[in-house]
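Just below is one structure, and these are the notes that go with it.
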Amino acid sequence: MIRIRSSGYKSIILFILISIRSFGLVTGSSVINENEKRIELRVTQERGKVEPNENRASFQSAKIDINQLAYTQSIGEIDGWGKDHFFKIDYKAFTSGEESVSNQEFYARDEGKALTLSYGLSFVHELSHVVSFYLSFSPLVDFNKKKFSVPRIDTFSFGIPVSIELSNLWFLEMLTHYGSGLSSDQNSYLSFSNQIGYRFIGVTSRPFFVKYGVYAELDTNERRDANYDQAFSPTGTSDRIRSMKYGTITGLDFDFDRFYIGLTYVQKLGGYDAPATNAISFWLGGKF
Numbered sequence: 125m126i127r128i129r130s131s132g133y134k135s136i137i138l139f140i141l142i143s144i145r146s147f148g149l150v151t152g153s154s155v156i157n158e159n160e161k162r163i164e165l166r167v168t169q170e171r172g173k174v175e176p177n178e179n180r181a182s183f184q185s186a187k188i189d190i191n192q193l194a195y196t197q198s199i200g201e202i203d204g205w206g207k208d209h210f211f212k213i214d215y216k217a218f219t220s221g222e223e224s225v226s227n228q229e230f231y232a233r234d235e236g237k238a239l240t241l242s243y244g245l246s247f248v249h250e251l252s253h254v255v256s257f258y259l260s261f262s263p264l265v266d267f268n269k270k271k272f273s274v275p276r277i278d279t280f281s282f283g284i285p286v287s288i289e290l291s292n293l294w295f296l297e298m299l300t301h302y303g304s305g306l307s308s309d310q311n312s313y314l315s316f317s318n319q320i321g322y323r324f325i326g327v328t329s330r331p332f333f334v335k336y337g338v339y340a341e342l343d344t345n346e347r348r349d350a351n352y353d354q355a356f357s358p359t360g361t362s363d364r365i366r367s368m369k370y371g372t373i374t375g376l377d378f379d380f381d382r383f384y385i386g387l388t389y390v391q392k393l394g395g396y397d398a399p400a401t402n403a404i405s406f407w408l409g410g411k412f
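In our numbering, the protein residues as written are 125 to 412.
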């Protein structure tokens, strides 16, 4: 979490939600001023390996591409209901690659879309620490939900971000997030991320931030995939899909007067049942 004082405005914190299906990871933050509007374009590529079955012969190359357009409106403070209220509309258009092994196709290449609405606020907002909450709902979801290697889209999700200022240069960001999945087609999950950040002040004319940390993600239910079981599980058995993953997060953020840019890279280090094992996300936003 990064707070920057802006002359003539009361600065508040807006949590930008980055959804990366490979890891069930939601992380990241930005700064928005009271009564400010933002439009953001985000591009995410998920690559590495698809791990649909415990039989390593099922592993294949991942290819998920996500394009997002988001509009965010700051609401500010509501008496008796916390601070830093915001509303966000996020539209995703994405493709997921063909899933095949040795010329045997399990799922064809697919295109999809999703519309997500989010609302958030801060319960505590002090100079030394901030504790917030957000709730998201996806009323529009259109893609092949039976595929294994697809973006994470939840019917609803919520999270509790916490930030702590260690000094004028160092800070911590922590996030606990729950995603509902999509009924019996995509699992629900819990994810946790912890990052330490450093502000480069005076190196450039505008603030420049570097963040590094770890994440963990655990599915809270399980499902089966008959297509992969038939090809890779022993006769008469089935392999449950209930992922557990952990890894690292690296982020860069640049903040300017009228726009901001950022980059995040996520790498899976261990676990199983991953729809992809690494992801890179770039975003460019404008302030109005």
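Glycine is no exception: its CB is placed at the ideal position from the N, C-alpha and C atoms. Please read all numbers here as calculations on a predicted model, not as lab measurements.
Proximity of SER291 and THR279 at Cβ, strictly below 8 Å:
As a working mapping, residue 291 is identified with position 167 in the sequence shown. As a working mapping, residue 279 is identified with position 155 in the sequence shown. Taking a C-beta distance under 8 Å as the contact criterion, SER291 and THR279 do not qualify as a contact pair.
Report the CB separation of SER224 from GLN197 in whole angstroms; it is logged as a contact under 8 Å.
Within the sequence shown, the letter at position 100 stands for residue 224. Within the sequence shown, the letter at position 73 stands for residue 197. Actually they do not touch by this definition, with Cβ atoms about 43 Å apart.
Can you tell me whether DSSP reads ASP377 as helix, strand or coil?
Sequence index remark: in the sequence shown, residue 377 carries index 253 (1-based). In the structure shown, ASP377 sits in a strand (DSSP, three-state: E or B).
Using DSSP with H/G/I as helix, E/B as strand and the rest coil, what is ALA340?
Residue 340 sits at position 216 when you count from the first residue of the sequence shown. DSSP places ALA340 in strand when its eight states are reduced to three.
Is the beta carbon of ILE199 closer than 8 Å to that of PHE218?
Start at 1 with the first residue of the sequence shown, and residue 218 comes out as number 94. Start at 1 with the first residue of the sequence shown, and residue 199 comes out as number 75. Going by C-beta atoms, PHE218 is not nearer than 8 Å to ILE199.
Reduced DSSP category for ARG171 - H, G, I as helix; E, B as strand; rest coil:
Mapped onto the sequence shown, residue 171 falls at position 47. It is a strand residue.
Should PRO358 be labelled buried (16 or more other beta-carbon atoms within 10 Å of its own) or exposed?
Within the sequence shown, residue 358 is the residue found at index 234, counting from 1. So PRO358 counts as exposed.
What three-state label does DSSP hand ALA238 in the structure shown?
Here residue 238 refers to the residue found at position 114 when the sequence shown is read from its first residue. DSSP places ALA238 in strand when its eight states are reduced to three.
Note down, in chain order, each residue of its chain lying with its Cβ closer than 8 Å to the Cβ of GLN228, except the 5 sequence neighbours on either side.
As a first step, residue 228 is located in the sequence shown; it is residue number 104 there, counting from the start. Same-chain partners within the cutoff: ALA355.
Counting only runs that start and end within the stretch 230 to 311, where is the beta strand (DSSP E) found for 3 or more residues in a row?
234 to 249, 253 to 266, 280 to 289 and 294 to 303
Short Cβ contact (8 Å threshold) for VAL255 with ALA238
For this step, residue 255 is matched to residue 131 along the sequence shown. For this step, residue 238 is matched to residue 114 along the sequence shown. The answer is no: Cβ separation not under 8 Å.
If I'm right that ASN374 touches LEU393 with Cβ under 8 Å, what's the distance once you round it to whole angstroms?
Here residue 374 corresponds to residue number 250 of the sequence shown, with the count starting at 1. Here residue 393 corresponds to residue number 269 of the sequence shown, with the count starting at 1. Note that residue 374 corresponds to Thr in the displayed sequence, not to Asn. With 8 Å as the limit, THR374 and LEU393 do not qualify as a contact, their Cβ atoms being about 13 Å apart.
CB contact flag (ASP349, PHE272, <8 Å):
The residue you call residue 349 lines up with position 225 of the sequence shown. The residue you call residue 272 lines up with position 148 of the sequence shown. Yes, the pair counts as a contact, with Cβ atoms nearer than the cut-off.
Hey, could you find the ends of the alpha helix (DSSP H) ASP214 is sitting in?
The count along the sequence shown starts at 1 and reaches residue 214 at position 90. Per DSSP, ASP214 belongs to no alpha helix (DSSP H); it is in the beta strand (DSSP E), 207 to 220.
With 16 other Cβ atoms within 10 Å as the buried cut-off, status of TYR195:
Position 71 of the sequence shown holds residue 195. By the 10 Å Cβ count, TYR195 comes out exposed.
Whole angstroms is fine: what's the gap from VAL248's alpha carbon to PHE378's?
Taking the sequence shown and counting its residues from 1, the one referred to as residue 248 is at position 124. Taking the sequence shown and counting its residues from 1, the one referred to as residue 378 is at position 254. Each residue's alpha carbon lies about 26 Å from the other.
PHE295 versus ASP397: straight-line alpha-carbon distance, rounded:
Within the sequence shown, residue 295 is the residue found at index 171, counting from 1. Within the sequence shown, residue 397 is the residue found at index 273, counting from 1. In a straight line, the C-alpha of PHE295 is about 33 Å away from that of ASP397.
Best match in LEU408, LYS411, TYR370 and TRP407 for proximity to GLN391 [C-alpha to C-alpha]:
As a first step, residue 391 must be located in the sequence shown, where it is residue number 267. Answer by Cα proximity: TYR370.
Work out the CA separation of GLU158 and LEU314 for me, nearest whole Å.
Looking up residue 314 in the sequence shown gives position 190. Looking up residue 158 in the sequence shown gives position 34. Approximately 31 Å between the Cα atoms of the pair.
Return the first residue and the last residue of the alpha helix (DSSP H) that ALA355 is part of.
By one-based count along the sequence shown, residue 355 stands at place 231. ALA355 -> alpha helix (DSSP H) spans 350 to 356.
PHE380 versus VAL167: straight-line alpha-carbon distance, rounded
For this step, residue 380 is matched to residue 256 along the sequence shown. For this step, residue 167 is matched to residue 43 along the sequence shown. The straight-line gap from Cα to Cα measures roughly 20 Å.
Nearest to LYS173 by alpha carbon, out of ALA186, TYR384, ARG162 and ALA181?
Here residue 173 corresponds to residue number 49 of the sequence shown, with the count starting at 1. Out of ALA186, TYR384, ARG162 and ALA181, ALA186 has the C-alpha closest to the C-alpha of LYS173.
Express the C-alpha separation of SER405 and VAL155 in angstroms, rounding to a whole number.
What you label residue 155 is simply residue 31 of the sequence shown in a count that begins at 1. What you label residue 405 is simply residue 281 of the sequence shown in a count that begins at 1. Residue placement at VAL155 is poorly supported in this model, since its pLDDT is 47, which falls under 50; the coordinates still yield a value, given next. Near 18 Å, if we compare the C-alpha coordinates of SER405 and VAL155.
Is DSSP giving ALA181 helix, strand or coil here?
Translated into the one-based positions of the sequence shown, residue 181 becomes position 57. It is helical.
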